[in-house]
Amino acid sequence: MENLISIRDLTVRFYTYEGVVHAIDDLDLDIRQGETLGIVGETGSGKTMTALAILRLIPYPGRIKSGSIAFFDRDLHSEIELLKLSEDKMRSIRGNKISMVFQEPGAALNPVYTIGNQISEVFLLHQRPELGKRAKEQVDRLLRDGDGLAAGMKRPFWRWQRRLYNKIAQESNPLEPRFLSHLPLFRRLLWRLNHESELLTVDMLKDVEIPDAARVAIHYPHELSGGMKQRAVIAMALACSPELLIADEPTTSLDVTIQAQMLELFRRIKVEKGASILFITHNLGVASEVCDRVAVMYAGSLCEVASVEELFLHPSHPYTRALLDAVPMPGKELQTIPGLLADPLNPPSGCRFHPRCPNAKPVCQQEKAKLKEIGKDHMVACHLF
Amino acid sequence: MIRQLVKNPLSLAGIIILLIFVVIAIFAPLIAPTPDGHLNPYMIPHEGYSPIPQPPSEEHIFGTTEGQYDIFYGVIWGTRSAFQVGLVVIGIVVVIGIILGSLAGYFGGIIDEVIMRITDIFLAFPTLILAMAIVSVLGPSLKSVMIALAVVSWPSYARLIRGDILQVREEDYIEASRGIGASSSRVIIRHALPNAIYPTLVMASLDIGAIVLSAAALSFLGLGAPEGYADWGQLTSFARNWIVGPYGEPLKYWYAVTIPGLFILFFVLGWNLLGDAFRDILDPRLARR
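From first to last, the protein sequence lines stand for chains E and W. If you use the numbering used here, the first sequence corresponds to residues -4 to 380, in order. If you use the numbering used here, the second sequence corresponds to residues 301 to 589, in order.
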């Protein structure tokens, strides 16, 4: 199967006053079509940065120093190099083909707009032609069915509107409607576009199992519960049927029952929409629930990638083993990993994990291990193998 | 929000004061009709050139000031000048402040440095002295007063907006809006500004009074509107020599300075009360409920 995303040698650095922060080092990672890939790791291990690098939204003063991220576009049937795209092209991918769900559903929604308003913005940004077509059909129906004096008087206006919507439906960025949409009062003439996008929004909200979607759409974020907000954020991310959905710790701030519902929702999305999901979490239990494959990251580099069963049954990298031992279990004393998380300003030489590794060999201090295939669907970056 | 404004007695007082001034400004031609044959209604009519102010009488209910200008006519039509100066200057200043401040705050880096160093230069001068210098260069007129006040007051707005944008920029929903593919201008205008603009609106409403006060100060110093123009600062300036009366009757000419002074005082007070109320309502950190 073709890879949806292939990340090669990705290196992200933050140039701060204290020095250069090695956020991600030589990361190689593939996301296959239609799979859920989990990334697990401690705070600061570069999980979120990997996601932001795919969207090219690394915040200042960070920069993608080198590497490549190839994205296979299903519609165009060709591979796109994301890191070489212009900002304009990149914008048309964000939210459209690759979208992201943020950790805090409360913080990811703008407090001054209603839920419906924010979700319909996605449609207005990426699906103008589609909306134009739908609006045109509406006007067509009016022209066909309208009779009587009032309709007769409005007819020329409707014809003009139809021409306008037709333009929107056909060209990518037509001059006349674009001009109109920038003029404060005249913008109202295009209200059918907004109306259509609101209809799509309500459908979308129904899709993420929000009861009474039409009513929720006119609520402000602070009027909804955490689970509702997270559903709304997921609806926003799914609005344009993306090929890749990045979920950055989507369940961390929710309570356990809602977490379970969310995981169910993600599983359904994957099956129904055929989207790949990049699921970032630090909760191994959650990862084992939803993911097909799991990648373990430590201090900006990849330790181990394997299918879920492989990873949990035969953890190979010492860090993965330590992580699994650190999962609390009844009747067992909690194991901790000795030492502290590597300082990203001065990362240890060689393998990032060697100062904390119980099986470190001299070579671990000198050389970084390459990813090696040690079993079916199981890759490890460690000198022990 | 309007209910909250009306519930608070102080803000209600502010609103009433300002409404009275609005009514005065709108109906100025009815309250103080322009005499026949008088070309510019904004020039205060005067009879004779006697430098001694005349006390209130039936003909001049607030008396006349130096040069026999009618104080009643002056304060009524001066309300229009006050609104004009206050609103125009605040309008210009807020627009410039929002544009430069949000550019600086959102993009950061070199743009931020350049814009903020320019504001530093402006802030390094004492405001009234810089304003006086600008008015003297442009020539005294109401227009130059407005330009001068706009030039000296935009930097604080740019800084305020920049600070709030800097804060909002770090919020998740800004990142999320970039994540759905919005352009920078869209992110700033649609997502960042509506969350960052309230402190500026509060400051603007508080500042209108201060701007009118500075304009009056400039007029008082003789750097404002042309002589005889209906302007409160101008009227107080006419009274400069008559603040204290002759020996034995120190309050003989009280009306010459007190009446225009009271108008300025209530105008500034009205805006300040309204601004305070705005702050209480819009700033969640000060919410008392």
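Every residue, glycine too, gets a C-beta built ideally from N, C-alpha and C.
**Request:** Spatial neighbours of Ser537(W) within its chain, please: CB distance less than 8 angstroms, with the 5 preceding and 5 following residues excluded, ordered by chain position.
**Result:** Counted from its first residue, the second sequence places residue 537(W) at position 237. Only Ser519, Phe520, Leu521, Gly522, Gly524 meet the Cβ criterion.
**Asked** Once you ignore the five residues that flank Lys60(E) on each side, which residues in its own chain have a CB closer than 7 angstroms to its CB?
**Response** What you label residue 60(E) is simply residue 65 of the first sequence in a count that begins at 1. Taken in chain order, the residues that qualify are Thr6, Val7, Arg8.
**Prompt:** Can you name the residues of chain E whose CB is closer than 7 angstroms to the CB of Ala476(W)?
**Reply:** Your numbering for residue 476(W) matches position 176 in the second sequence. When 7 angstroms is used as the limit between beta carbons, Ala476(W) is near these residues of chain E: Phe97, Ala103, in chain order.
**Request:** State yes or no: is the beta carbon of Ala482(W) nearer than 8 angstroms to at least one beta carbon in chain E?
**Result:** Taking the second sequence and counting its residues from 1, the one referred to as residue 482(W) is at position 182. Yes, contact with chain E.
**Message:** Quick check: Ile41(E) and Gly345(E), are their CB atoms within less than 8 angstroms of each other?
**Reply:** Taking the first sequence and counting its residues from 1, the one referred to as residue 41(E) is at position 46. Taking the first sequence and counting its residues from 1, the one referred to as residue 345(E) is at position 350. For clarity, residue 41(E) is Gly in the given sequence; the question names Ile instead. Contact flag unset, no.
**Contacts that Pro494(W) makes with chain E (C-beta to C-beta distance below 7 angstroms)** = Within the second sequence, numbered from 1, the residue matching residue 494(W) stands at position 194. For Pro494(W), the chain E residues whose C-beta falls within less than 7 angstroms of its own C-beta are Val107, listed in chain order.
**Item:** Between the CA atoms of Ser63(E) and Pro342(E) - distance to the nearest angstrom
**Value:** One-based indexing of the first sequence puts residue 342(E) at position 347. One-based indexing of the first sequence puts residue 63(E) at position 68. Using only the alpha carbons, I get a separation of about 23 angstroms.
**Message:** Quick check: what's the CA-CA separation for Asp140(E) versus Arg129(E)?
**Reply:** To locate residue 140(E), count along the first sequence from 1; it is residue 145. To locate residue 129(E), count along the first sequence from 1; it is residue 134. C-alpha separation (whole angstroms): 17 angstroms.
**Prompt:** Does any C-beta atom of chain W lie closer than 8 angstroms to the C-beta of Asn189(E)?
**Reply:** Translated into positions along the first sequence, residue 189(E) becomes position 194. So no, Asn189(E) is outside the interface.
**Asked** Which whole-angstrom value is the C-beta distance of Ile331(W) and Ile324(W), which I expect to be below 8 angstroms?
**Response** To locate residue 331(W), count along the second sequence from 1; it is residue 31. To locate residue 324(W), count along the second sequence from 1; it is residue 24. The Cβ separation is near 6 angstroms, so the contact holds.
**Asked** Straight-line CA distance for Leu308(E) to Glu193(E)?
**Response** Sequence index remark: in the first sequence, residue 308(E) carries index 313 (1-based). Sequence index remark: in the first sequence, residue 193(E) carries index 198 (1-based). Each residue's Cα considered, the two are about 47 angstroms apart.
**Request:** For Asp472(W), decide whether its Cβ has a neighbour in chain E, counting only Cβ atoms nearer than 8 angstroms.
**Result:** Taking the second sequence and counting its residues from 1, the one referred to as residue 472(W) is at position 172. Yes, Asp472(W) lies at the interface with chain E (some Cβ there is under 8 angstroms from its Cβ).
**Request:** Could you round the C-beta distance between Ala279(E) and Val35(E) to whole angstroms and report it? I think they count as a contact, below 8 angstroms.
**Result:** To locate residue 279(E), count along the first sequence from 1; it is residue 284. To locate residue 35(E), count along the first sequence from 1; it is residue 40. For clarity, residue 279(E) is Leu in the given sequence; the question names Ala instead. Leu279(E) to Val35(E), Cβ: 6 angstroms. Contact.
**Prompt:** When DSSP builds the beta bridges, which residues end up paired with Thr364(W)?
**Reply:** Along the second sequence, one-based indexing puts residue 364(W) at 64. According to DSSP, Thr364(W) bridges with Gln354(W), Asp370(W).
**Message:** Measuring CB atoms only, is the region 480 to 487 of chain W touching the region 118 to 126 of chain E, in the sense that at least three cross pairs come out at less than 8 angstroms?
**Reply:** The region 480 to 487 of chain W, when compared against the region 118 to 126 of chain E, does touch it at the 8 angstroms Cβ threshold.
**Request:** Determine the contact status of Ile275(E) and Asp320(E), defining contact as a CB-CB distance below 8 angstroms.
**Result:** Locating residue 275(E) in the first sequence gives position 280, counting from the first residue. Locating residue 320(E) in the first sequence gives position 325, counting from the first residue. In this structure, Asp320(E) does not lie closer than 8 angstroms to Ile275(E) by Cβ.
**Request:** Give, in chain order, every unbroken run of the beta strand (DSSP E) that is at least 3 residues long and sits entirely within the region 296 to 363 of chain E.
**Result:** Complete beta strand (DSSP E) runs here, min 3: 296 to 302.
**Prompt:** Bridge partners of Val7(E), per DSSP?
**Reply:** Stepping through the first sequence from its first residue, residue 7(E) is reached at position 12. Residue pairing of Val7(E) in beta bridges, as defined by DSSP: Ile19(E), Ile59(E).
**Message:** Using C-beta distances below 7 angstroms, list every residue in its chain close to Leu403(W), excluding the 5 sequence neighbours before and after it, in chain order.
**Reply:** Along the second sequence, read from residue 1 onward, the residue named residue 403(W) stands at position 103. Excluding positions up to five away in sequence, the list reads Ile411, Ile415.
**Request:** For the beta strand (DSSP E) holding Leu366(E), just list the boundary residues, first then last.
**Result:** Position 371 of the first sequence, counted from the start, is the residue given in the question as residue 366(E). For Leu366(E), there is no enclosing beta strand (DSSP E), as DSSP marks it with neither H nor E.
**Prompt:** What do you get for Asn105(E), buried or exposed, if any count of 16 or more other CB atoms within 10 angstroms of its CB means buried?
**Reply:** The residue given as residue 105(E) occupies position 110 in the first sequence. Counting every other CB atom within 10 Å of its CB across the protein chains shown gives Asn105(E) a total of 16 or more, marking it as buried.
**Prompt:** Excluding the five sequence neighbours on either side, which residues of its own chain have a C-beta within less than 8 angstroms of the C-beta of Glu74(E), listed in chain order?
**Reply:** Residue 74(E) sits at position 79 when you count from the first residue of the first sequence. Cβ within range, chain order: Ala65, Phe66, Phe67, Asp68.
**Message:** I want to check one thing, is the minimum distance from the CB of Trp153(E) to the heavy atoms of the ligand FAD below 7 angstroms?
**Reply:** With respect to the ligand FAD, the structure shown offers nothing to examine, as it has no ligands at all.
**Message:** Classify Gly334(E): buried if its beta carbon has 16 or more other beta carbons within 10 angstroms, exposed otherwise.
**Reply:** Within the first sequence, residue 334(E) is the residue found at index 339, counting from 1. Residue environment analysis places Gly334(E) among the exposed positions, since fewer than 16 neighbouring C-beta atoms fall within 10 angstroms of its C-beta.
**Message:** Helix, strand or coil for Phe67(E)? Go by DSSP, reduced to three states.
**Reply:** Residue mapping note: residue 67(E) aligns to position 72 of the first sequence, counting from 1. Strand.
**CB contact flag (Met199(E), Gln113(E), <8 angstroms)** = What you label residue 199(E) is simply residue 204 of the first sequence in a count that begins at 1. What you label residue 113(E) is simply residue 118 of the first sequence in a count that begins at 1. Not closer than 8 angstroms, so no.
**Asked** When you compare only the Cα positions, how much space is there between Val358(E) and Gly326(E)?
**Response** Along the first sequence, one-based indexing puts residue 358(E) at 363. Along the first sequence, one-based indexing puts residue 326(E) at 331. Whole-angstrom Cα-Cα distance: 37 angstroms.
**Asked** With a cut-off of 8 angstroms, do at least 3 Cβ pairs link the region 215 to 233 of chain E to the region 20 to 32 of chain E?
**Response** Contact fails: fewer than three Cβ-Cβ distances are below 8 angstroms.
**Request:** Could you name the residues of chain E that His491(W) contacts, counting a contact when the two beta carbons are closer than 8 angstroms?
**Result:** As a working note, residue 491(W) is residue 191 in the second sequence. For the C-beta of His491(W), the chain E residues within less than 8 angstroms are, from N- to C-terminus, Asn105.
**Item:** Test: Gly463(W) CB closer than 8 angstroms to a CB of chain E
**Value:** In the second sequence, residue 463(W) corresponds to position 163, counting from 1. Under the Cβ distance rule, Gly463(W) does not count among the residues neighbouring chain E, no pair being separated by less than 8 angstroms.
**Prompt:** Which term fits Phe563(W), buried or exposed, when burial requires 16 or more other beta carbons within 10 angstroms of its beta carbon?
**Reply:** Translated into the one-based positions of the second sequence, residue 563(W) becomes position 263. Here Phe563(W) is buried: its Cβ has 16 or more other Cβ atoms, across all protein chains shown, within 10 Å.
**Residue-level contact to chain W via CB, Val15(E), 8 angstroms cutoff** = Counted from its first residue, the first sequence places residue 15(E) at position 20. No, Val15(E) lies away from the interface with chain W (no Cβ there is under 8 angstroms from its Cβ).
**Own chain partners of Leu138(E) with C-beta closer than 6 angstroms, once the 5 adjacent residues on each side are dropped** = Working through the first sequence from its first residue, we reach residue 138(E) at position 143. Contacts found: Trp153.
**Request:** Please go through the same chain and pick out, in chain order, the residues whose beta-carbon is closer than 6 angstroms to the beta-carbon of Gly147(E), but skip the five residues on each side of it.
**Result:** Within the first sequence, the letter at position 152 stands for residue 147(E). Short of 6 angstroms from the beta carbon of Gly147(E), and not among the five residues preceding or following it, lies no beta carbon of its own chain.
**Prompt:** Quick one: is Lys307(W) near chain E, going by C-beta distance under 8 angstroms?
**Reply:** Stepping through the second sequence from its first residue, residue 307(W) is reached at position 7. Between Lys307(W) and chain E, the shortest Cβ-Cβ separation is not below 8 angstroms.
**Request:** For Leu312(W), I'd like the list of residues in its chain whose CB is within less than 8 angstroms of its CB, leaving aside the five on either flank, ordered along the chain.
**Result:** Here the question's residue 312(W) lines up with position 12 in the second sequence. Here the set comprises Leu305, Val306.
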